[in-house]
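Just so we're aligned: 80 in the working numbering is position 77 of the sequence shown, and the numbers increase by one with no gaps anywhere. Since the structure comes first, as structure tokens, the remarks are kept for the end.
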Amino acid sequence: MLGLRKRHAGVRLPSAKTVADVALTEIPAPQNVYIPLQQHIGIAAEPCVKRGDRVLMGDPLSMSDHPMQVPVHASVSGKVRSITEGVLPSGRLGTIVHIENDGLYERRETSGRPSPHDYTPEEIRKAVHEGGVVGLGGAAFPTSVKLNPKKKIDTLLINGCEGEPVLSADHRAILELTDLMLYGIQAMQIATGAERVIIALEDHDPDGAEHLRKEAKGIAEVVVVPAVYPVSGEYTLIKAVLGRRIPIGGLPADVGVVVQNVETAVAVGRVLRDGWPLTRRIITVAGGDVERPGNYYVALGTTIADVLEHVGCPTPRQVLLGGPMMGQAVPNLDIPVVKGTSGIMALSPAEIDVREPLPCVRCGQCIAVCDKGLSPMMLLKYIQNGEWEKAEEWGLRTCMECGACAFVCPSNIPLVQWFKSGKATLSAKAAPNSKGS
4 MLGLRKRHAG VRLPSAKTVA DVALTEIPAP QNVYIPLQQH IGIAAEPCVK RGDRVLMGDP
64 LSMSDHPMQV PVHASVSGKV RSITEGVLPS GRLGTIVHIE NDGLYERRET SGRPSPHDYT
124 PEEIRKAVHE GGVVGLGGAA FPTSVKLNPK KKIDTLLING CEGEPVLSAD HRAILELTDL
184 MLYGIQAMQI ATGAERVIIA LEDHDPDGAE HLRKEAKGIA EVVVVPAVYP VSGEYTLIKA
244 VLGRRIPIGG LPADVGVVVQ NVETAVAVGR VLRDGWPLTR RIITVAGGDV ERPGNYYVAL
304 GTTIADVLEH VGCPTPRQVL LGGPMMGQAV PNLDIPVVKG TSGIMALSPA EIDVREPLPC
364 VRCGQCIAVC DKGLSPMMLL KYIQNGEWEK AEEWGLRTCM ECGACAFVCP SNIPLVQWFK
424 SGKATLSAKA APNSKGS
């Protein structure tokens with residue numbers, strides 16, 4: 004494939020992790036939660052509740068045995084008011100279950116097992132699927148699928164590299180939820196059959212590394228890597244930690260590795276040790292318009308509006324879901340927090356980039372920082388000219404949308420937006436009913 008080269012690139016970003024030392028607190032669940040059935044890469048499972056049903060915390064709202072149809076669960080107790088179509092954080096439409104919180108927070112009795120060694124690999128995968136666990140590092144890929152590799156795995160690589168500036172949810176999970184995380188890590192090692200476990204952290208997290216070297220002794224090696232964005236991407240991390248290069252179109256399992264995020268390990272631990280499904284997650288809430296920035300436990304289905312109201316930002320100007328590099332602007336504040344939501348940023352005027360894009364000056368900075376070895380300026384040219392075969396040939400689908408190229412672009416060209424649009428066009432042209440126009 005043209006445009007690819009074999010070298011590590013990336014960019015050093017200011018970490019701006021101003022809330023890294025702020026301990027976890029919980030945002031109370033609101034009066035109404037809106038829980039999408041599609042919160043993962045895959046297919047939404049069919050709803051198993053109907054309008055008027057009363058549900059308890061942790062009750063499944065959808066069910067399926069298919070590994071790519073991950074169940075979702077009630078994050079509050081209360082009555083199902085509606086099951087309708089609504090806007091998902093991705094911008095697409097999907098089925099959303101609206102539950103009116105009765106404030107009782109009743110839950111069914113659940114139980115787990117005191118040791119991960121009390122489970123067989125198949126029992127681990129089954130419980131993880133039924134508990135609704137997906138990757139919490141952003142991709143939201145079904146965890147049970149990654150725990151069922153078809154190739155021999157020698158290394159389980161735990162990703163504690165929180166490459167996005169500002170976001171600190173993983174850091175707080177490492178420091179405050181260590182026992183659950185280590186339980187989950189051991190369970191995932193059993194499920195994958197990995198011979199070794201490595202926890203990777205960035206060099207701007209020395210307290211996390213020191214903590215884990217003590218707590219994870221005998222369970223996992225702790226490796227510190229340079230904080231060169233986007234080292235937190237799993238393909239990049241495998242290259243940085245193990246020196247293994249995944250072939251184009253390949254998967255981590257092709258080089259004997261399974262990668263899981265630290266918060267995913269916590270969720271696995273909670274399912275297996277406590278018998279409790281994934282109904283809430285840690286998110287960082289920050290930005291110049293936020294009065295009380297911090298790291299919060301948030302019930303899935305809580306709207307952005309309810310989160311921002313709690314942190315003293317009832318009328319934000321611009322909101323991103325995620326971090327400043329890969330975060331997406333939201334069209335309205337009624338969009339709910341889902342399993343893949345890592346952060347919410349409410350930007351002040353000083354943080355909003357209002358510069359107009361200028362023509363490309365062909366400086367080559369975008370090429371220098373692209374960790375995939377692509378030529379963003381050539382991809383931009385082909386997309387703008389509608390030369391779709393060339394865009395694909397030059398690796399458009401390989402782009403991970405990390406934003407490093409846009410960050411260094413002196414012309415302020417919104418490269419990631421162009422690449423997202425280009426990928427959507429390629430997908431549409433490849434669809435069975437496309438006329439290829």
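Using N, Cα and C, we set each Cβ at its ideal position, and we do this for glycine too.
Own chain residues within Cβ distance below 7 Å of residue i, not counting five before or after
i: Ser67; result: Ala48, Glu49 and Pro74
i: Gly439; result: Residue confidence for Gly439 is low, a pLDDT of 48 falling below 50, so the modelled location carries little weight and cannot support an answer.
i: Asn298; result: Val22, Val25, Leu27, Ser171, Ala172, Arg175, Ile285 and Thr287
i: Ala12; result: Ala371, Val372, Cys373 and Asp374
i: His313; result: Ile30
Other residues of its chain near residue i: CB distance less than 6 Å, five sequence neighbours each side excluded
i: Thr181; result: Glu218
i: Gln321; result: Leu350 and Ile355
i: Val333; result: Val322 and Leu324
i: Lys154; result: Ala256
i: Arg358; result: Asn415
i: Arg409; result: Sequence check: residue 409 is Ala here, not Arg. The answer, listed in chain order, is Leu418 and Val419.
i: Arg216; result: Val225
i: Glu179; result: Leu27
i: Asp3; result: The structure shown does not extend to residue 3, since the chain spans only 4 to 440, so no value can be given for it.
For residue i: DSSP bridge partner residues
i: Thr76; result: Checking the sequence, you will find His at residue 76 rather than Thr. According to DSSP, which records beta bridges pairwise, His76 is partnered with Pro63.
i: Gln321; result: Leu350
i: Glu103; result: Asn35 and Lys82
i: Arg199; result: Thr158
i: Ile286; result: Tyr299
i: Gly94; result: Gly94 pairs with nothing; no bridge assigned.
i: Asn264; result: Asn162
i: Tyr108; result: Answer by DSSP bridge pairing: none, since Tyr108 is not bridged.
i: Tyr238; result: None; Tyr238 has no bridge partner.
i: Val226; result: Ala203
i: Thr306; result: Pro339
i: Glu88; result: Thr98
Reference residue i; option with closest CA among the options
i: Ile46; options: Gly97, Gln331 and Cys402; result: Gly97
i: Pro360; options: Val411, Pro31 and Met348; result: Val411
i: Gln263; options: Asp309, Ala230, Gly163 and Gly221; result: Gly163
i: Gly326; options: Trp421, Glu312 and Tyr232; result: Tyr232
i: Thr267; options: Leu324, His174, Ser93 and Glu88; result: His174
i: Arg248; options: Leu418, Gly376 and Gly315; result: Gly376
i: Gln41; options: Val225, Met71, Ser114 and Val288; result: Met71
i: Val83; options: Glu125, Ser114, Ala142 and Asn35; result: Asn35
i: Pro17; options: Arg400, Val169 and Pro152; result: Val169
i: Tyr238; options: Asp374, Arg199, Ile222 and Pro152; result: Asp374
i: Met184; options: Ser85, Ser118 and Val148; result: Ser118
i: Val244; options: His69, Ile251 and Val225; result: Val225
i: Gly166; options: Pro39, Thr401, Val52 and Ala230; result: Ala230
i: Asn335; options: Val58, Val90, Lys220 and Ala212; result: Val90
i: Ile156; options: Ile307, Ala143, Glu179 and Val200; result: Val200
i: Gly221; options: Pro250, Ile251 and Tyr186; result: Tyr186
i: Arg276; options: Leu107, Ala353, Ile251 and Asp121; result: Asp121
i: Glu109; options: Gly115, Lys53, Gly141 and Val58; result: Val58
i: Asn388; options: Gly398, Trp421, Cys366 and Arg365; result: Trp421
i: Pro39; options: His214, Ile188 and Ala302; result: Ala302
Residue i Cβ short of 6 Å to the ligand ATP heavy atom set
i: Glu354; result: With respect to small molecules bound, the structure shown includes none, and the ligand ATP cannot be examined in it.
Cβ neighbours of residue i in the same chain (closer than 8 Å, five flanking residues each side left out)
i: Ala394; result: Leu382, Tyr385, Ile386, Gly425 and Leu429
i: Leu240; result: Leu160, Asn162, Cys164, Ala203, Val228, Val234 and Val262
i: Tyr300; result: Leu27, Thr28, Glu29, Ile30, Arg283, Arg284 and Ile285
i: Thr87; result: Thr98, Ile99 and His101
Sub-7 Å separation of residue i and residue j beta-carbons
i: Ala32; j: Val79; result: yes
i: Gly253; j: Tyr37; result: no
i: Val137; j: His76; result: no
i: Ile177; j: Val258; result: no
i: Thr197; j: Leu150; result: Checking the sequence shown, residue 197 turns out to be Ala, not Thr. No; because the gap between Cβ atoms is not below 7 Å, this pair is not in contact.
i: Cys363; j: Ser414; result: yes
i: Val260; j: Thr158; result: yes
i: Val14; j: Leu64; result: no
i: Ile338; j: Pro124; result: no
i: Gly346; j: Thr113; result: no
i: Gly61; j: Pro280; result: yes
i: Ile127; j: Ala223; result: no
i: Asp56; j: Gly81; result: no
i: Ala143; j: Lys423; result: no
i: Met348; j: Ala289; result: yes
i: Arg54; j: Ser85; result: yes
Interface flag, residue i vs chain C, CB-CB below 7 Å
i: Arg247; result: In the displayed structure, chain C is absent; only one protein chain is listed.
Just checking, does the stretch 259–276 make contact with the stretch 127–137 on the three C-beta pairs under 8 Å criterion? Contact holds: three or more Cβ-Cβ distances are below 8 Å.
Any contact of the stretch 289–296 with the stretch 205–212, i.e. 3+ C-beta pairs under 8 Å? No contact exists between the stretch 289–296 and the stretch 205–212.
Spell out a yes or no on whether the stretch 327–347 and the stretch 396–407 are touching, meaning 3 or more CB-CB pairs, one atom from each, closer than 8 Å. The stretch 327–347 is in contact with the stretch 396–407.
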